[in-house]
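Residue numbers (the working numbering), protein chains in the order written: chain A, 1 to 112; chain B, 113 to 1080. Where a beta carbon is used, it is the ideal one built from N, C-alpha and C, also for glycine. Nothing here was measured: the structure is a model prediction, and the numbers come from that model. Some notes on the structure that comes next.
Shown next as structure tokens:
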């Protein structure tokens, strides 16, 4: 699993960065989304991979960390997903406003 | 109330008054003045009440814990020295307020003036009363800021703006140096508390960091107290209203530097480093200031340079390092504050009543304002050091100290001569002030006919001059005990012998005084014709203008260098900027690998590869690459592919034991896709490939570079994540979270407990970000101007409308209304179902996957479905959710839950959890974290729906008559 996920993260990040460097605002927003997927998965993978062991306690009492996935990266990524959503929305509106103001969807505000 | 609480009250009063005054109407100048005056008088009373306590060996202390682990507390401390300064701050403050009431014109926004003045009073008091060095620096910077505001009070005039900016730049930079110096002291001593620092003198002086500490602290003190070579800001600060000059730039703020040097005198002074840094600076300032004062044509300029000179004198005394000279320094600080404040007020009256401050135009005013004239003469005589006045006593002490042997160096030996010379100068400029203004022929062509000011405007001067006389004639009954207290706070309990008396017998100091008197008169007579010629500025050093050098430096740093840097590294184009950002990140990530060698595979046992997972990621990778490929020409396809990639990462989360993430990612994916879909409409029509055959080499090169960067990032990230994933996980905070999740947080879903309990504060910050984004989106779209070609109705809609118009029994819009009729009905019915699901997710969040975020986004999906089913118009007509209100209530609920724990004596956002047996529902967790989660839920719903409404609403613009052309 590790090697597959690592390659997947690499592909997401690579595609995202390629788009990030493109001239059209829409490409950049798609690129940012891809980069944030990659980064979320990357942070998530810092807790190491575990199958079938969600960080949910079986019942009341003191939990045992050895039996479940690491909850800290998950909490961080949950926050990151929501912030990523907010960023995408903000960037989308910026894109639209810039397009309305400058008449172009080029990231530099003019065709060149 | 204890003394400590009284102290806190005295410190808070001016700030409270300042805040109040800021809200007064512009013309409420009497109210503002009365309030400011009352606060200053109450302050005087408070300080006087605490006299007995401050005179003790143990200073009055008050410590309120703020960040005790970092050694940062709110700490107040009142000893003899700070008592004396606090009295000056409040006492002279009260007089200045009274004076300013008459000085300020009714056309000025006077409440603002008093608001600044009170805030400054509080800041200055903070400097004086701080028991903690970091806190002292904080108030120190506040005094710089309020000084800036006060100098720039008449901001419509250029000199006020320039003077304010210069003062802030110099004193602010000095304040930064001081901060570093204080941090170093804290490092040496291990505490920022003044009590500890004052006892660690030996430790500091023997530390290898001693020299940097002294230099940095002195930079702070010298800039504030206008010591050479930083003195030039003070004359330019005279653009401030005269009450400000009297208060800040003679009596109090410039004394902050003196106060600091006196405060730290026990720990820093007494070494050669101290002597050779402080004495020359003080000496040059003393002489240069006095010399320049003689040749000023502006009354306030003369007083400003004389202030610089007196500050130099005090600095020089502090530099000498003997206990007696420290006593003299404190004494002269008080004396100078008293006579200089009164002189500034007199200058202000002259300016006010005649309309000019130019000595060349003023003459013979004594016949018009005899009382003011007499008062000014007495004060000026005190400044010159005439017997029977306070200035004489401290100047005598200065002369006596100058004669004393300190280090035996050439500098030390020559001090008596320099001191006498400075004495001569001060007599000369005092004479010039008096004779130039009050004597001589009657003035001609004055803007106004001079007369005496209102009595209450003159009253502060009368009082101050009376104090000058009292101190000068019966010093041991008036200032003696106060001075002894202050000196004990600096030198220690055993004071050196000194006598505050007018007559000490025939000493060297007396001889020097006599020489200075006669020398000064002779010099004045000798210079008379030169001065009358009306040349501006002192001879010899006229060309050496600090201001010009300062401006030159500023231009070089902030303009030329900035422009050069911008030319070298800047670009207004986003692509090169992003390339630099990504490139720097890449280099930063690779360099450790390159320096330390490549990382190899770790030792952790790998999880078994499931073919399904590999297939999943084959699809995911394909989606990502295809999205990257298609995003330029096929936006919709790219969006679908992006959704595919998101789905793959959501499934990955589910596969790898992160159900919360999978759920949230899935829901966010839906909302993001819909938002992007809504935005697609406003993008330009599909662009054609600009290079039909083959792009030019430059474009190809750029693309290959970007491709190389992208591949490098991808490979690098893959390698790093693989390297980490194959290494065992170290011990982390997670153990605590897992073990305490139920016991401490009352929930079994550890991720949710972390979010709403352990790290609740982070989550609160995060939902605030979400609110801000929602509001920004809303604000940006309110002024949205779509590009002209996007305005028209989309092609599909046009075709439908044409079809409707062509058919006789249909009206336009019917086809759209019929479209997907049954599914639409189902979708509308889905609303309560989805809403219930949201509630379900919310309720179970603490124990099972779900929670406020997921529930909030689910509910907003319910709204999205309504938009899809019924159209924007229908939803906007039926929408009962007011997003702004939801956001506000959500934030309030979340914060109130946090604040609520204060009520029970716990820190912010401590949760309380218990299980309740509810009817029907059964056993159900009720934690205060649930309330917090409810707030988050509301914010997420509000912000998401707000964005949705704002974006969706844009589609109505096209059908409305176009108003954008007229600019709305």
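Check                                                                                                                                                                                          : Outcome
So, residue 108 (chain A) versus residue 119 (chain B), is the Cβ gap smaller than 7 Å?                                                                                                        : no
Would you verify that the beta carbon of residue 45 (chain A) is, or is not, closer than 7 Å to some beta carbon of chain B?                                                                   : yes
Residues of chain B with CB under 8 Å from residue 34 (chain A), in chain order?                                                                                                               : 736, 739, 740, 754 and 757
Label residue 89 (chain B) either buried or exposed according to how many other C-beta atoms from any shown protein chain fall within 10 Å of its C-beta, with 16 as the threshold for buried. : This structure cannot settle anything about residue 89 (chain B), because the visible part of chain B is limited to 113 through 1080.
Is the CB-CB distance between residue 1005 (chain B) and residue 964 (chain B) below 7 Å?                                                                                                      : no
Relative to the C-alpha of residue 305 (chain B), which candidate in B:342, B:274, B:247 and B:812 has its C-alpha closest?                                                                    : B:247
Can you list the residues of chain A that residue 861 (chain B) reaches, using a CB-CB cut of under 7 Å?                                                                                       : 56
Grab me the residues of residue 312 (chain B)'s own chain with a C-beta within less than 6 Å of its C-beta, minus the 5 sequence neighbours each way, in chain order.                          : 301
For the pair the segment 498–506 of chain B and the segment 477–486 of chain B, tell me if three or more CB-CB distances fall below 8 Å.                                                       : no
Under a CB-based cut-off of 7 Å, is residue 156 (chain B) close to chain D?                                                                                                                    : Of the protein chains in this structure, namely A and B, none is chain D.
Do the segment 366–377 of chain B and the segment 454–462 of chain B touch if we need at least three Cβ pairs shorter than 8 Å?                                                                : no
Got a sec? Which residues, its chain only, sit under 6 Å from residue 106 (chain A) by beta carbon, not counting five neighbours each side?                                                    : 23
So is residue 13 (chain A) in contact with chain B if we call contact Cβ pairs under 7 Å?                                                                                                      : yes
Below 8 Å, can you find three or more Cβ-Cβ pairs linking the segment 937–951 of chain B to the segment 832–842 of chain B?                                                                    : no
How would you label residue 673 (chain B), buried or exposed, when you count the other beta carbons within 10 angstroms and need 16 or more for buried?                                        : exposed
Just the Cα atoms here: how many angstroms apart are residue 625 (chain B) and residue 422 (chain B)?                                                                                          : 16 Å
Please classify residue 861 (chain B): does DSSP put it in a helix, a strand, or coil?                                                                                                         : strand
Reducing DSSP to helix, strand and coil, say where residue 187 (chain B) ends up.                                                                                                              : strand
Helix, strand or coil for residue 614 (chain B)? Go by DSSP, reduced to three states.                                                                                                          : coil
Taking its Cβ as the centre, do 16 or more other Cβ atoms sit within 10 Å of residue 670 (chain B), making it buried, or is it exposed?                                                        : exposed
Does the distance from the C-beta atom of residue 276 (chain B) to that of residue 258 (chain B) stay below 7 Å?                                                                               : no
Give the straight-line distance between the Cα atoms of residue 298 (chain B) and residue 583 (chain B), rounded to the nearest whole angstrom.                                                : 39 Å
Can you tell me which of the three DSSP states residue 292 (chain B) falls into?                                                                                                               : helix
Determine which residues of the segment 820–839 of chain B have a Cβ less than 9 Å from any Cβ of chain A, and write them out in chain order.                                                  : 821, 822, 823, 824, 825, 826, 827, 828, 829, 830, 831, 832, 833, 834, 835, 836, 837, 838 and 839
Sort out for me which residues DSSP pairs residue 244 (chain B) with in a bridge.                                                                                                              : B:305
DSSP three-state call for residue 24 (chain A): helix, strand or coil?                                                                                                                         : strand
Could you check whether the Cβ of residue 2 (chain A) sits closer than 7 Å to any Cβ belonging to chain B?                                                                                     : yes
Counting pairs of beta carbons, one from the segment 441–448 of chain B and one from the segment 414–432 of chain B, are three or more of them closer than 8 Å?                                : yes
What are the partner residues of residue 106 (chain A), as DSSP defines its beta bridges?                                                                                                      : A:24
Which residues in the same chain have their Cβ closer than 7 Å to the Cβ of residue 912 (chain B), if we skip the five residues on either side of it in sequence?                              : 927 and 928
Let me know if residue 973 (chain B) comes out buried or exposed under the rule of 16 or more other beta-carbons within 10 Å of its beta-carbon.                                               : buried
Which of helix, strand or coil does DSSP assign to residue 1077 (chain B)?                                                                                                                     : Residue confidence for residue 1077 (chain B) is low, a pLDDT of 43 falling below 50, so the modelled location carries little weight; the figure read from the coordinates is stated next. In this structure, residue 1077 (chain B) counts as helix in the three-state DSSP scheme.
Going by DSSP, name the residue or residues bridged to residue 557 (chain B).                                                                                                                  : The partner list for residue 557 (chain B) (beta bridge, DSSP) is empty, contrary to what the question assumes.
Leaving out five residues before and five after residue 563 (chain B) in sequence, what residues of the same chain have Cβ atoms less than 8 Å from its Cβ?                                    : 465, 480 and 481
Who does residue 470 (chain B) pair with in a DSSP beta bridge?                                                                                                                                : B:410
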